[in-house]
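Scroll down for the structure; my scribbles are underneath it.
Chains as they are written, first to last, in my numbering: chain A, 1 to 279; chain B, 1 to 302.
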């Protein structure tokens, strides 16, 4: 104890820094064993789905007709197998939940009160959470997508149909798939912050991240607009190198904008939601 | 110093705290007493800015706590020992808290040693007993070496050795000039811990005074009288308006002082073998004061 005996105790305090909050959130994230198990299992599953698909193509290559083989690269199938739609769906679903857990874990245990009593600047805490989650899941996405791309193209390459990162559209597939991870994680964080209850958050997260984009089709103008505003459909648009003509076409620029808007809106929602409400 | 003024908090139609005004001063251990549901935890949350008051103000050392960007150097608190993530180790939990407030990592080891958890620093909190979690919560409160400390029912789950340790710790923190505010629903816990008492019931202030003043409030003072003429004396005392309970030669009298009973006995030449005033215990004083305001009474006494 370093307090003086007599009179008022003087508080000497260093300047408050945002990076201390980010460091604290990083300590909290990495000190949970469940973090590493959950992200590890997700990574393995996603990579396994991609590699399995490429391996199927490799196995059944001889059964394909000459015309199909010739059209394989031209039709963009190597890039479809670099990061498959199933893998993306699993990753989106998992990352939505894991993003939500970053805050739900605190609401469920009551740890949020310990956090906000230690740092009354609640919005800064949430901003730190958003930053740490974004960086961590972007690295996670880059790792999973990079491994998937390398392995699938190596497998396809042994049939002479693998493509390199320099192939037209390849970089966009890698980038869009990588960034799907932080976009979904932040959406989960925002939902968790607003809803605060574990089960409803999980349902809402699955709904927004994967169910709605799947059931909302391009059949009508309004549903096309709603569907295109969702991150998973934006991902689909970005990884489709040569889209088939539809009644309601949209540009990759539009899809990138959806990514950006979801990122910013989710972070803003998570930050604002904690300010006024009782904790 | 904690200054609460006209503090009111309503949740929907329920009033948890109503027009509370009191001051908690440094250099003393102040007990915060009330039956279950009296509004103690709500008040502590309002002090910490976790909940927004419906009316009134509360400041800690002159400022609302929420205006502080970082809190641990100003107020250390233990609201609920369970408010921690069981998946983390004790050391990781405290390190994250320390880091958020720019407190050096070495402080984590210091407070863990201080609360006696150094041995289990690397163990996950999920496996801790309630007593160990209380110690961890106290360690977290001490991290920032703050001038104000709040503890909500810190003695729950502690063994007798732990209780003694916590009392000594609170005493020492107060002697160092800190403000120590400790809630409890048991008077017996505060009797040996607190210098000052804030008592609330149903969200309203019942008493804010020193422990000595509070104990003097015990309105029901009993006088025990021993006399061979118990039946005669009992009738005389009842005639004077006292309530008398007889057990052989011993009378338990309420409503008259020992002096008055002595006078009456002398007037009627009744010999006394025993005359003794027994003050109601603090526990009784507390029960009596909060009886009207206890929220959840057992049995059909409503």
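Cβ atoms here follow ideal geometry from the backbone N, Cα and C, with glycine treated the same way.
| Asked | Found |
| --- | --- |
| Give me the subset of the region 146-173 of chain A whose CB atoms are less than 7 Å from a CB atom of chain B, sorted by chain position. | none |
| Could you give the uninterrupted runs of the alpha helix (DSSP H) lying entirely in the region 181-255 of chain B, keeping only those of 4 residues or more? | 187-191, 211-216 and 230-239 |
| Do we get a CB-CB distance below 8 Å when we pair residue 231 of chain A with the residues of chain B? | no |
| Using a Cβ-Cβ cutoff of less than 8 Å, which residues in the same chain neighbour residue 201 of chain A once the five nearest sequence positions on both sides are dropped? | 100, 104, 188, 191, 192 and 195 |
| What does residue 52 of chain B reach in chain A if we use C-beta pairs closer than 9 Å? | 276, 277 and 278 |
| Measure the Cβ-Cβ separation of residue 113 of chain B and residue 89 of chain B and say whether it is below 8 Å. | no |
| Span of the beta strand (DSSP E) holding residue 2 of chain B? | 2-11 |
| Check the Cβ-Cβ distances between residue 248 of chain A and every residue of chain B, and say whether any is below 8 Å. | no |
| Secondary structure at residue 177 of chain A, three-state DSSP: helix, strand or coil? | helix |
| Roughly how many angstroms separate the alpha carbons of residue 158 of chain A and residue 51 of chain A, rounded to a whole number? | 14 Å |
| State yes or no: is the beta carbon of residue 186 of chain A nearer than 8 Å to at least one beta carbon in chain B? | no |
| Rounded to the nearest angstrom, how far is the Cβ of residue 111 of chain B from that of residue 94 of chain B, given a contact under 8 Å? | 7 Å |
| If you count every other CB in all the chains shown that lies within 10 Å of the CB of residue 60 of chain A, and 16 or more means buried, which is it? | exposed |
| Does the structure place the region 110-124 of chain A close enough to the region 221-240 of chain A that three or more beta carbon pairs sit under 8 Å? | no |
| Could you give the residue range of the beta strand (DSSP E) that holds residue 22 of chain B? | 14-24 |
| Does the structure place the region 133-145 of chain B close enough to the region 71-78 of chain B that three or more beta carbon pairs sit under 8 Å? | yes |
| Evaluate residue 2 of chain B with the Cβ neighbour count: other Cβ atoms within 10 Å of its Cβ, from every protein chain shown; 16 or more gives buried, anything less gives exposed. | buried |
| Using a C-beta to C-beta distance shorter than 8 Å, which residues of chain B count as neighbours of residue 14 of chain A? | 102 |
| If we count the other Cβ atoms within 10 Å of its Cβ and call it buried at 16 or more, is residue 83 of chain B buried or exposed? | buried |
| Taking the straight line between their C-alpha atoms, what separation do you get for residue 12 of chain A and residue 102 of chain B? | 12 Å |
| Classify residue 6 of chain A as helix, strand or coil using the three-state DSSP reduction. | For residue 6 of chain A, the predicted model reports a pLDDT of 42, less than 50, meaning its position is unreliable; a value from the coordinates is still stated below. In the structure shown, residue 6 of chain A sits in coil (DSSP, three-state: anything other than H, G, I, E or B). |
| Can you list, in chain order, the residues of the region 69-86 of chain B whose Cβ is nearer than 8 Å to any Cβ on chain A? | 69, 70, 71, 72, 73, 74, 75, 77, 79, 80, 82, 83, 84, 85 and 86 |
| Only counting the same chain, and skipping five residues up and downstream in sequence, which positions put a Cβ closer than 6 Å to that of residue 218 of chain A? | 224, 246 and 248 |
| Starting from residue 18 of chain A, trace the alpha helix (DSSP H) in both directions and tell me its first and last residue. | 18-30 |
| Cβ of residue 129 of chain A less than 8 Å from any chain B Cβ? | no |
| With 16 other CB atoms within 10 Å as the buried threshold, where does residue 215 of chain A fall? | exposed |
| Give the residues from the region 15-32 of chain A that approach chain B closer than 7 Å (Cβ to any Cβ), ordered along the chain. | 16, 17, 20, 21, 23, 24, 27, 28, 31 and 32 |
| Whole angstroms is fine: what's the gap from residue 290 of chain B's alpha carbon to residue 7 of chain B's? | 20 Å |
| Does the separation of the CB atoms of residue 224 of chain B and residue 274 of chain B fall below 8 Å? | yes |
| Whose CA, out of B:234, B:269, B:78 and B:192, lies closest to the CA of residue 256 of chain B? | B:234 |
| Going by beta carbon distance, what residues of the same chain come within less than 6 Å of residue 148 of chain A, once the five residues before and after it are set aside? | 47, 50 and 83 |
| Among B:226, B:129, B:119 and B:259, which has the Cα closest to the Cα of residue 247 of chain B? | B:226 |
| Ignoring anything shorter than 3 residues, give me the beta strand (DSSP E) runs that lie fully in the region 13-96 of chain B, in order along the chain. | 14-24, 29-33, 55-60 and 75-78 |
| Are there 16 or more other CB atoms within 10 angstroms of the CB of residue 243 of chain A, so buried, or fewer, so exposed? | exposed |
| Just checking: is the beta-carbon of residue 34 of chain A within a distance shorter than 8 Å of some beta-carbon in chain B? | yes |
| Taking CB distances under 8 Å as the criterion, tell me whether residue 214 of chain B reaches chain A. | no |
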